[in-house]
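Once you know that position 671 of the sequence shown is 674 in our numbering, the rest is easy, because the numbers rise by one and skip nothing.
Notes to accompany the following structure.
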Amino acid sequence: MLMIKRIFLALGALALLLAVGIYIYIQHLKPTYSGELTLEGLSDEVEVYFDDYGIPHIYGQSEEDAYLALGYVHAQDRLFQMEVVRRIASGRLSEIFGRDLVNADKLFRTLGIHQYSEMMAEDFDSSVDRNIKKNTYAYLAGVNKFIDAGPTPIEFSILGIEKSHFTIVDIHNAIGYLGFSFASAYKIEPLLSHIYQNLGADYLKAFDLGSSEITQTIDNFPGGDAVLDLSNYVSNVMDALPTASWIGSNSWVLGPEKTQSGKVILENDPHVGFAQPAVWYEAHLEAPGLSVYGYYIAGVPFAPLSHSRDCAIGLTMFTNDDLDFYQEKITPNDSAQYEHGGQSHYFETRKETIKVKDSSDVAITVRETIHGPIINDVLDLKSEPVSMYWTFTQKEAPILETLYELNHITNINDARAVARKVHAPGLNIMYGDREGNIAWWASAHLIRRPDSTNSVLVNDGASGQYDALGFYVFEENPQAENPPWNYVYSANNQTRTTFGKPYPGHYAAEDRARRIVAVLDKTGNFTTEQAKQMALDTKSENAPEVVASILNTIGGTIEPSRLSDQAWQVLEKWDGSFSLESNAPIIYSKVLFKILEGALKDELGEKNFKQLFETHMIQRSTQPLLSNDSTVWWDDVHTQDKVETRSDVFNRAWNESLKELEELHGDDPQDWKWGKVHTIEHEHPFGKVGVLKKLFNVGPYEVPGSNMVINNLKFHLYEPGQYHVYAGPSTRRIIDFSDVESNSWSILPTGNSGNPFSPHYADQAEMFANGEYRKQMMNKDEIKNTSPNWLVLKPLGK
4 MLMIKRIFLA LGALALLLAV GIYIYIQHLK PTYSGELTLE GLSDEVEVYF
54 DDYGIPHIYG QSEEDAYLAL GYVHAQDRLF QMEVVRRIAS GRLSEIFGRD
104 LVNADKLFRT LGIHQYSEMM AEDFDSSVDR NIKKNTYAYL AGVNKFIDAG
154 PTPIEFSILG IEKSHFTIVD IHNAIGYLGF SFASAYKIEP LLSHIYQNLG
204 ADYLKAFDLG SSEITQTIDN FPGGDAVLDL SNYVSNVMDA LPTASWIGSN
254 SWVLGPEKTQ SGKVILENDP HVGFAQPAVW YEAHLEAPGL SVYGYYIAGV
304 PFAPLSHSRD CAIGLTMFTN DDLDFYQEKI TPNDSAQYEH GGQSHYFETR
354 KETIKVKDSS DVAITVRETI HGPIINDVLD LKSEPVSMYW TFTQKEAPIL
404 ETLYELNHIT NINDARAVAR KVHAPGLNIM YGDREGNIAW WASAHLIRRP
454 DSTNSVLVND GASGQYDALG FYVFEENPQA ENPPWNYVYS ANNQTRTTFG
504 KPYPGHYAAE DRARRIVAVL DKTGNFTTEQ AKQMALDTKS ENAPEVVASI
554 LNTIGGTIEP SRLSDQAWQV LEKWDGSFSL ESNAPIIYSK VLFKILEGAL
604 KDELGEKNFK QLFETHMIQR STQPLLSNDS TVWWDDVHTQ DKVETRSDVF
654 NRAWNESLKE LEELHGDDPQ DWKWGKVHTI EHEHPFGKVG VLKKLFNVGP
704 YEVPGSNMVI NNLKFHLYEP GQYHVYAGPS TRRIIDFSDV ESNSWSILPT
754 GNSGNPFSPH YADQAEMFAN GEYRKQMMNK DEIKNTSPNW LVLKPLGK
């Protein structure tokens with residue numbers, strides 16, 4: 004008995020020691036939010052106040068010191084995210100994640116972002132303004148100080164990653180990845196070319212292709228089966244990336260005449276794929292010559308979203324078409340050359356070696372033409388090569404300088420000067436200031452294309468007649484400054500240019516824009532609280548019209564039943580709101596999908612049909628398609644003895660939908676609740692591993708909203724029962740110039756820290772799901788009096 008007792012005591016002691024060891028290890032991994040640290044490179048002491056949500060308020064005696072401190076605190080909260088983001092554009096994910104990410108690395112190696120970043124970094128070192136340069140390198144020094152002296156994040160330990168310093172090239176790579184994640188053309192243009200080549204122009208007429216007059220110029224284009232699989236390939240790659248992609252955005256700026264206070268109010272909620280950690284890191288910097296509250300992306304020192312006491316900037320995706328595909332022609336009898344403009348040219352080539360964790364290296368050869376890299380080589384297709392012309396890598400631009408200047412604007416003239424420098428990706432820059440000015444600039448270098456070119460299809464690259472002619476000047480871009488209707492807005496919708504015609508793009512449907520305009524036009528004397536409620540609005544102006552079209556088409560032809568009658572009554576009374584307790588959105592979403600499936604899937608097949616739902620085009624085409632009684636899409640190509648009509652498709656969709664809904668949710672529609680099926684979970688790259696899921700993932704939460712409303716919480720319509728939200732507002736922020744310091748508001752989807760052991764890893768997640776906000780503080784006295792943590796960074800030797 005004594006021996007057994009001693010064994011149990013020994014085991015208990017070991018368990019205690021293990022528990023103590025784990026506790027000490029976890030405490031060691033937590034970010035340092037209080038106390039004193041010594042950092043080499045500082046000139047003077049820097050104070051960092053971390054507020055209740057872990058947002059650093061940095062006070063330095065110089066800009067350089069403030070940016071060094073920013074780099075350090077950014078790294079201690081987000082180093083693993085920084086590591087992942089810098090590896091994407093350079094094609095180095097397989098080194099840490101293994102073979103699952105080889106396709107991603109092949110794609111990004113082909114795009115050539117890393118080569119472009121190296122060129123831009125060289126230009127930066129040789130020609131950039133001294134002030135911008137020293138502050139950029141100060142930020143990098145802060146990041147690298149944490150790498151040298153701070154604890155190793157747990158993700159590094161799990162994956163066996165060796166820490167290494169960050170460089171200027173890494174900053175440009177992070178921006179390059181951001182740029183490509185904005186691009187939409189790769190999702191849809193190869194598929195549109197396939198539809199034209201295999202089904203014909205009549206099938207394209209049903210789609211809303213924006214400014215592209217497809218039937219007038221259709222004869223000029225050769226089709227695109229050579230890159231049909233590219234749409235799916237790139238979409239799968241982007242979905243598999245261990246970080247978030249950009250989707251869309253909302254923003255509006257109200258002039259003094261529209262607000263109760265007589266001061267400008269700016270709202271902005273950029274839409275990004277949800278992931279953990281979330282995309283933005285919030286920080287507030289104060290130093291002589293610098294006062295900015297900003298939202299920073301991983302590894303980049305200057306904030307794309309920001310405000311000061313003078314000005315505020317919001318961003319949405321312009322979604323202009325800045326990417327064209329060209330079908331090249333190999334020179335006969337010489338596969339090393341291609342034809343262009345009547346002459347033969349040698350492909351430029353570069354060899355890339357992808358290091359793969361726990362596997363052999365993967366070698367690829369990238370070919371390039373005058374138009375850009377051969378993009379379908381990543382698929383190993385034995386076909387005519389297709390190149391990709393992309394504004395981002397075709398044109399040098401002062402990217403870091405533009406961001407730095409954006410954080411230092413003091414008036415509308417400064418903001419306009421910065422807006423004209425943006426080349427790609429295209430951005431709607433939303434502006435408001437304390438003087439009462441409001442503005443919107445569609446900022447991008449817009450490609451000038453020959454009149455014969457239709458940018459939504461794969462073009463003939465051999466003739467040279469469809470090559471880009473240059474770029475329009477900024478003054479011809481869509482824009483508005485202090486318009487007489489007293490507001491500006493953007494919801495990724497079609498814009499009007501100043502040169503007389505719409506510019507080609509992959510724009511969002513009108514739904515969000517229509518609702519924004521409806522609310523703003525009928526409401527005056529806006530307050531901050533009303534702006535919050537508007538950002539959370541879940542009502543669609545279009546959905547009831549779609550419902551009416553469906554019910555009018557099937558009325559009197561469907562077989563009556565209790566369930567059918569109840570579903571009919573629910574939809575007939577619905578006002579288009581996607582609220583948590585509503586049951587109408589469940590019925591509407593299922594019926595809508597079944598109609599689209601019945602119309603399109605037989606011609607496109609499963610894979611290409613689903614690919615349509617990765618694009619804005621299907622959303623903007625749905626309502627026109629459903630109201631078109633004569634489109635060829637209604638006929639089922641698999642039935643040879645019958646030509647189906649719109650009524651046939653609608654009726655079948657109604658019956659199939661109710662049968663599936665009854666199987667999924669029971670036979671009483673009163674028990675069906677939108678919040679039960681529309682949920683959000685923020686997934687960390689490790690969240691797919693069962694034992695790690697609870698530590699790293701955040702959620703799930705029930706949420707209102709939908710794909711086509713202002714509270715744009717997006718899901719895939721083709722999901723069978725549960726609609727998992729995959730994208731939405733990456734922040735909701737409101738800047739009120741009646742009291743910028745104390746009446747500006749924000750929320751992040753999860754938390755400001757990416758460290759799972761930080762108290763700020765997920766402390767905003769439930770608030771975000773519930774539609775709550777928290778204050779963005781700039782008043783130093785309020786910050787000092789309310790912040791629970793105070794960190795002092797001291798220079799070495801002082």
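Using N, Cα and C, we set each Cβ at its ideal position, and we do this for glycine too.
Asked                                                                                                                                                                        : Found
Could you name the residues that DSSP lists as bridge partners for S390?                                                                                                     : Y329 and I377
Where do the N-terminal and C-terminal ends of the beta strand (DSSP E) with A315 fall, by residue?                                                                          : C314 to M320
So, are the CB atoms of L104 and S97 less than 9 angstroms apart?                                                                                                            : yes
If we call anything under 9 angstroms between Cβ atoms a contact, is S309 one with G297?                                                                                     : yes
Under a Cβ-count criterion, where at least 16 other Cβ atoms within 10 Å of its own Cβ denotes burial, should Y330 be classed as buried or exposed?                          : The amino acid at residue 330 is misidentified as Tyr; the sequence shows Gln. So Q330 counts as buried.
Assuming H509 and D324 form a contact by the criterion Cβ under 8 angstroms, report the distance between their Cβ atoms to the nearest whole angstrom.                       : 6 angstroms
Three or more beta-carbon pairs under 8 angstroms between the region 419-428 and the region 462-469, yes or no?                                                              : no
Just the C-alpha distance for H681 and Y492, rounded to the nearest angstrom, thanks.                                                                                        : 28 angstroms
With H, G and I counted as helix, E and B as strand and the rest as coil, what does DSSP make of H310?                                                                       : strand
What do you reckon, are the CB atoms on T179 and S248 nearer than 9 angstroms?                                                                                               : It is worth fixing the name first, because residue 179 is Gly in this sequence and not Thr. Cβ distance not < 9 angstroms, so G179 and S248 don't count as in contact.
How is I432 classed by DSSP in three states: helix, strand or coil?                                                                                                          : strand
Can you tell me whether DSSP reads F183 as helix, strand or coil?                                                                                                            : helix
Within this structure, are the beta carbons of S626 and A512 separated by less than 9 angstroms?                                                                             : For the sequence presented, residue 626 should be read as Gln rather than Ser. Against a cut-off of 9 angstroms, the Cβ pair of A512 and Q626 comes out as a contact.
Cα-Cα, which of T170, F328 and V87 is closest to E125?                                                                                                                       : T170
Shortest alpha-carbon distance to D54 belongs to which of G800, F502, A772 and S756?                                                                                         : S756
Count the other C-beta atoms from every protein chain shown that fall within 10 angstroms of the C-beta of L796, then say buried if there are 16 or more, exposed otherwise. : buried
If Y776 sits next to R735, beta carbons under 8 angstroms apart, how far is it from one beta carbon to the other, in whole angstroms?                                        : 7 angstroms
Of the residues V237, H274 and G74, which one's Cα is nearest the Cα of L803?                                                                                                : The chain is shown from 4 up to 801; residue 803 falls before or after that span and cannot be answered.
Taking I589 and M433 to be in contact with their CB atoms under 8 angstroms, please state how far apart those CB atoms are, rounded to whole angstroms.                      : 34 angstroms between Cβ atoms; not a contact.
Taking the continuous beta strand (DSSP E) assigned at G731, which residues delimit it?                                                                                      : A730 to P732
Let me confirm a value: T394 is counted as buried when at least 16 other C-beta atoms fall within 10 Å, else exposed. Which label applies?                                   : buried
Tell me which residue opens and which closes the beta strand (DSSP E) that H274 is part of.                                                                                  : I268 to G276
Does the Cβ-Cβ distance between P688 and V87 come in under 9 angstroms?                                                                                                      : yes
Based on DSSP bridge pairs, tell me the residues matched to A366.                                                                                                            : T356
Is it buried or exposed for D211, if we count other Cβ within 10 angstroms and need 16 for buried?                                                                           : buried
By DSSP, does H197 sit in helix, in strand, or in coil?                                                                                                                      : helix
Opposite G251 in the DSSP bridges: which residues?                                                                                                                           : H274
Considering only the alpha carbon of each residue, which of L288, W255, S347 and E532 lies closest to A483?                                                                  : W255
How big is the Cα-Cα spacing for N773 and R515?                                                                                                                              : 21 angstroms
When you compare the CB positions of P732 and H274, do they come within less than 9 angstroms of one another, or not?                                                        : yes
Please report the straight-line C-alpha distance between V49 and D313, rounded to a whole angstrom.                                                                          : 24 angstroms
Using only alpha-carbon positions, find the residue among K778, D524, G145 and Y392 that is nearest to E260.                                                                 : D524
Among residues of its own chain, excluding the 5 on either side of E785, which ones have a beta-carbon nearer than 7 angstroms to its beta-carbon?                           : S745
Whole angstroms is fine: what's the gap from L207's alpha carbon to T648's?                                                                                                  : 18 angstroms
How many Å lie between K148 and P707 at the Cα?                                                                                                                              : 43 angstroms
From what residue to what residue does the beta strand (DSSP E) around H287 run?                                                                                             : Y284 to A290
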